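S.K.: Quick one: the structure is below, questions incoming.
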Amino acid sequence: MSSPISSALESLDGSLQAIAAQVGRLRAGLDVDDAQLNHGLTNARRNAAAVRDLIRSEQPTAAWKDRGTLDQLIRELEVAAQQKKNQQRAVRLLELAAELDAGHVKHRVEARANALNGLRADAVKELRTKGSAPQQDKELPGPDASEWLHWACNLQEESDAESLETLHNDFPALEGFIAEMEENYWVAGQRQPVSVPQAAMSAKPETVASVAARAPEPDRGPQIVPRPQPQKPAAAAAFAETPNVQERPAAESKPSAPAPRRDATPGWQAAAVAVAREPEPAPTPAAPPKKYCDKCDTEYPGQFNVCPIHGTSLSAVSAPSGAQARQKGNLAATAAAAVAEPRASAAAAATAPKTVTAPEAPAAPKAKQSIAEVVKEAPKSAKEAKKDNKQQAQAKDTKDTKPQTKENKGGAVAVQEPPAPPEAVAETKSGVTGRAEELWGEHGSKLTSNPIVLAVAGLVLFGVLVAVVIMLMHRHSATTPAKPVESSAPVQAPSTAPATPNQAAPASAAPAPATASNSQPDQSKQQNQNQNAANKAAADANANAKQNNAPKEVLNLPTPNPGANKRQEAANDASEMPSSIPGALPGTSGSVGDVVKGIPVSVPSIAGQKVRISSGVAQAQLLKQIPPQYPSQARQQRVQGAVVLQALIDKDGRVASVHVVSGHPMLTKAAMEAVKQWRYRPFSVDGEPVEADTQIKVNFTLGTE
Amino acid sequence: MSSPLWSALAKLDASVQGIQSQVDWLKAALEFDDNQLGQSLSEARQYAAMLRDLIREERPDAVWNERGDLELLIHELEIAAQARRNQQRRTKLLELANELDAGRVKHRIEARSTALNQLRTDAIKQLRAEAARSEQEKELPGPDASDWLHWALSLQESTDPMVLGGLRRDFSALERFIGEMEESYWIPGVRQPVKVEPLSMKSVTPISKDRRGVGA
């Protein structure tokens, strides 16, 4: 017996023994130790009072007459206490069984989950069996059922050896379950209320002494009222309701490694939330099959549905023969048109395959315009002109992954971002050049074999050259400096196709005013004329820009193509436009660039000062244009728009300084970094190189996904 | 047995019983009267002291540690006292017998004298017969032998009925003699000294040393 009452009774008996010894001495006629006798009496009184208090705390109306009735009363109280303890133990076992029964184990491996649930069922069965026993000799260690699994899963072999041993000895099935369990496997459920079995509530017959003192008790044991279940977080509840792991969005997927068992974790509820939030690895969705454009056979990731260049729908099947043929035909057409006069180029275009797609069509005029502008505005070397054409032709390549620029009515550089994450390779100029070469190789032989075609082409070329020379000479003879046209003429992107001959003349009229002529008396008139011509050209350029912008389809950069790198390198290695132009007259260089390069481009003589030029004029002088990188953060946040930069071009043609005029902060840095790398042909006034101030507009546009 | 020792012991037991009853209340975790307990304790101490004194009177070197030893000691003391008492009784009887045997009765009438002397002889015979018993359960009332006849011949039926009745019951012959006698008839003689035989130790249980208690 180890109840408090029994302990107090034992203390009382101990103190009475001391008194009895002294009394025995008295009875023997011997002297007694008064101090010991008094000490014994004091202790006995205290212990007797403690016994009385303990009894009355259990049964306030208890009464007894002698030691015999006292012993009987204590026995009854201890029996009741034992019954209560049994009941409490049984309730704990049954509550834990209900808790384990209400939840379930979830594991990424179904077999493992089944095994764990089997262990759980065994543990539940064991708990219920033991909870139904009339005698509860074994007490379940740990906290209440709601916290028990969390406690058990954090038991350590070193520090909790006693508890583990108790579990192992008394509840082997339960111990086996928690040994295999991890806290994050557990999905808690709604525990059912527990009713204590009748066997645990059986009471002994009461004595006369205790009946009067004891309050009437119900026949059945007290009904266990289920504790209010703690509020489960919505996430956990939602998770419990939606056990389908796959339904969670892919953005929440995390690595599936379970939380370590021995780690201190938050409460059970937090753990349930963590389980909900830390999903098991959802089966990664199968990557959609790649798609191909029917026209350009560009390969796009599966999530693309429309070709950003042609605007056509994508198909899962590649049609390399047909698309490539069309592509080659397009490239041939644009190449032919770039070197022919506007009228002649129209005829040549008519002879070219008529599968030029809409985006390419405006691109071709733009390309032609840009080339014409270059030819008319500034003196270029043939090589540089070829470079320009190549760049423009390659920029038209739909497989360029870098943000490409396109000319719009504002003279800004439109940066188009493909929907898929772009690869680093930008296939621009070299791709177009390569295809042009391919197409030329395929069809050029046929054209060159036809003398009529050759003659017509030569005539057209000659006429164009003459016109360009005349225009340049007129501009060059002007004495008054023309004001720089600060229009937002679109900056020709490298991706734009070579300009068609139709657009060449008006586009070339937009550039900077011609250099001053040698005749001074007519200088002012010439300057005025040049100024007017420049303004008109600028207006035409704007009109062309508008026309070019008419098709709303933007030149979206395609997804990177494995072959893009190679083509880019090939284009860079080539570094020139097609070496020969179909129909070129013998003796000619056959390159527009060569002709253009020879025509000097100068601005009105403002020697030693900085001149302001329009963006269109500056674009025409652009030798090297690095497309900006679309910032990933901006792409993720779907930030797009135009960035307007004010750039100062030094005498060497380098961008000496750039500052932002307007634009989204996420985009300005990328625009500035790209523009800083651009190279222009040096601007000169009266043969003197000057610095030029111009505005550059870079458009960042995200294509449709 | 009503010896002082046993009396004192009985009283001691009564007071200890009073203490025990209070202790039983304590044992039952019931409240008790401290005053009563204190009184009982005081009485018990007193009686215990008395007993010790009595014992030490009989046996100054007596020691005992517990109640059993005490009882044994008291028993021994009682036995010794009994033997002593027996010896004293026997001696008294024999001395009276010698006193009556040394003297003679003289009456003016010869026949009366003879009868009275016969009664005297019967009384002497009876006294000596009683003295020969081992256990002197009967105690001769009265003073010593030399004054006994004077005391006996002055007894009155009205005032000393108990004594005469005791004599009549225990010493009938002696009682008849003194009933016929007159003090004027008696002619004392020279009494012979009485030889007291050593006491018989048959009824005294020897106490071994290991059982001998030590008084506190």
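Chains B and S, in that order, give the protein sequences. If you read the first sequence in my numbering, its first letter stands for residue 694, the second for the next number, and so on. If you read the second sequence in my numbering, its first letter stands for residue 730, the second for the next number, and so on. A virtual CB, placed ideally from N, CA and C, is assigned to each residue, including glycine. Just so it is clear, the structure is predicted and the values come from calculations on it, not from any experiment.
Going by DSSP, what residues sit across from residue 1387 (chain B) in a beta bridge?
M.R.: In DSSP, residue 1387 (chain B) forms a bridge with B:1340.
S.K.: Can you tell which of S:866, S:912, S:888 has its C-alpha closest to the C-alpha of residue 877 (chain S)?
M.R.: Comparing Cα positions, the closest option is S:912.
S.K.: Within the 8 Å Cβ cut-off, does residue 757 (chain B) reach chain C?
M.R.: Although the question refers to chain C, the structure presented lacks it and instead comprises the protein chains B and S.
S.K.: What does the alpha-carbon distance come out to for the pair residue 827 (chain S) and residue 853 (chain S)?
M.R.: So the two alpha carbons sit approximately 8 Å from each other.
S.K.: Can you have a look at residue 1402 (chain B) and say buried or exposed, based on whether 16 or more other CB atoms are within 10 angstroms of its CB?
M.R.: As displayed, chain B neither begins before 694 nor continues past 1398, which places residue 1402 (chain B) out of reach and without an answer.
S.K.: According to the Cβ coordinates, are residue 806 (chain S) and residue 788 (chain S) closer than 8 Å?
M.R.: Contact flag set, yes.
S.K.: Thinking C-alpha only, which one of S:907, S:849, S:823 is nearest residue 886 (chain S)?
M.R.: Considering only alpha carbons, the answer is S:907.
S.K.: Please list the terminal residues of the continuous beta strand (DSSP E) segment that includes residue 985 (chain B).
M.R.: Per DSSP, residue 985 (chain B) belongs to the beta strand (DSSP E) from 984–986.
S.K.: Would you say residue 795 (chain S) faces chain B, with C-beta separation under 8 Å as the test?
M.R.: Output row for residue 795 (chain S): interface = yes.
S.K.: Just reading off the beta strand (DSSP E) that residue 778 (chain B) is part of, what are its end residues?
M.R.: Note, residue 778 (chain B): premise wrong, no beta strand (DSSP E); alpha helix (DSSP H) at 760–795.
S.K.: On a Cα-Cα basis, can you pick out the residue from S:869, S:772, S:765 that is closest to residue 725 (chain B)?
M.R.: Comparing Cα positions, the closest option is S:772.
S.K.: Any idea what DSSP makes of residue 1316 (chain B), helix, strand or coil?
M.R.: Strand at residue 1316 (chain B).
S.K.: With distances taken from CA atoms, which of B:1340, B:812, B:1372 is nearest residue 1390 (chain B)?
M.R.: Selected option, being the one with the closest Cα: B:1340.
S.K.: Taking Cβ to Cβ, would you say residue 756 (chain B) is nearer than 8 Å to residue 793 (chain B)?
M.R.: No, they are not a contact pair.
S.K.: Rounding to the nearest angstrom, what Cα-Cα distance links residue 1332 (chain B) and residue 1307 (chain B) in this structure?
M.R.: Rounded to the nearest angstrom, the two C-alpha atoms are 27 Å apart.
S.K.: Are at least three pairs of beta-carbons, each pair with one atom in the stretch 1320–1337 of chain B and one in the stretch 1352–1370 of chain B, less than 8 Å apart?
M.R.: The answer is yes - the stretch 1352–1370 of chain B touches the stretch 1320–1337 of chain B, with three or more Cβ pairs under 8 Å.
S.K.: Just the chain B side, please: which residues come within less than 8 Å of residue 742 (chain S) by C-beta, in chain order?
M.R.: Within 8 Å Cβ-Cβ: 720.
S.K.: Any C-beta of chain S within less than 8 Å: which residues of the stretch 710–736 of chain B qualify?
M.R.: Hits within the stretch, in order: 712, 713, 716, 717, 718, 719, 720, 721, 722, 723, 724, 725, 730, 734.
S.K.: Give a yes or no on whether 8 Å exceeds the smallest Cβ distance from residue 705 (chain B) to chain S.
M.R.: With 8 Å as the cut-off, residue 705 (chain B) counts as an interface residue toward chain S.
S.K.: So residue 797 (chain B) and residue 887 (chain B) are in contact, right, with Cβ under 8 Å, and what is the actual spacing, rounded?
M.R.: Actually they are not in contact, since the Cβ atoms of residue 797 (chain B) and residue 887 (chain B) sit about 19 Å apart, beyond 8 Å.
S.K.: Tell me the DSSP secondary structure of residue 745 (chain B) in three-state form.
M.R.: Here residue 745 (chain B) sits in helix by DSSP.
S.K.: CB of residue 1348 (chain B) to nearest heavy atom of the ligand GDP: below 7 Å?
M.R.: Absence of the ligand GDP is noted for the structure shown, with no ligands found whatsoever.
S.K.: In angstroms with no decimal places, state the Cα-to-Cα distance between residue 835 (chain S) and residue 888 (chain S).
M.R.: Cα-Cα distance, rounded: 28 Å.
S.K.: In the stretch 782–802 of chain B, which residues sit with their C-beta less than 8 Å from some C-beta in chain S, listed in chain order?
M.R.: Taking 8 Å as the Cβ-Cβ cut-off against chain S, none of the residues of the stretch 782–802 of chain B qualify.
S.K.: Taking 8 Å as the threshold (beta carbon to beta carbon), is residue 790 (chain S) in contact with chain B?
M.R.: No, no contact with chain B.
S.K.: In terms of residue numbering, what span does the alpha helix (DSSP H) encompassing residue 870 (chain B) cover?
M.R.: Residue 870 (chain B) -> alpha helix (DSSP H) spans 865–873.
S.K.: Which residue or residues does DSSP assign as beta-bridge partners of residue 879 (chain B)?
M.R.: Paired residues: B:798.
S.K.: Can you tell me whether residue 1375 (chain B) is buried or exposed? The criterion is at least 16 other CB atoms within 10 Å of its CB, across all chains shown.
M.R.: Classification for residue 1375 (chain B): buried.
S.K.: Within the chosen definition, does the stretch 816–827 of chain B reach the stretch 775–795 of chain B through at least 3 CB pairs nearer than 8 Å?
M.R.: Contact holds: three or more Cβ-Cβ distances are below 8 Å.
S.K.: Residues of chain S with CB closer than 8 Å to the CB of residue 738 (chain B), please, in chain order.
M.R.: Within chain S, the residues near residue 738 (chain B) are 755.
S.K.: With a threshold of 8 Å between beta-carbons, can residue 785 (chain S) be considered close to chain B, or not?
M.R.: For residue 785 (chain S), the answer is no, since every Cβ of chain B falls outside 8 Å of its Cβ.
S.K.: Check the Cβ of residue 768 (chain B) against every Cβ in chain S and list those closer than 9 Å, keeping chain order.
M.R.: Within 9 Å Cβ-Cβ: nothing; residue 768 (chain B) doesn't reach chain S, min ~14 Å.
S.K.: Kindly list the residues whose CB is nearer than 6 Å to the CB of residue 782 (chain B), restricted to its own chain and excluding five residues on each side of it in sequence; keep chain order.
M.R.: Counting only Cβ-Cβ distances below 6 Å, and skipping sequence neighbours, we find 829, 832.
S.K.: Taking Cβ positions, are residue 823 (chain B) and residue 786 (chain B) nearer each other than 8 Å?
M.R.: Going by C-beta atoms, residue 823 (chain B) is nearer than 8 Å to residue 786 (chain B).
S.K.: Alpha carbon to alpha carbon, how far is residue 799 (chain B) from residue 870 (chain B)? Give it in angstroms, no decimals.
M.R.: If I take the Cα positions, the gap works out to 14 Å.
S.K.: With respect to the beta strand (DSSP E) encompassing residue 1350 (chain B), which residues constitute its N-terminal and C-terminal limits?
M.R.: Taken as a continuous stretch (DSSP letters only), the beta strand (DSSP E) holding residue 1350 (chain B) covers 1348–1355.
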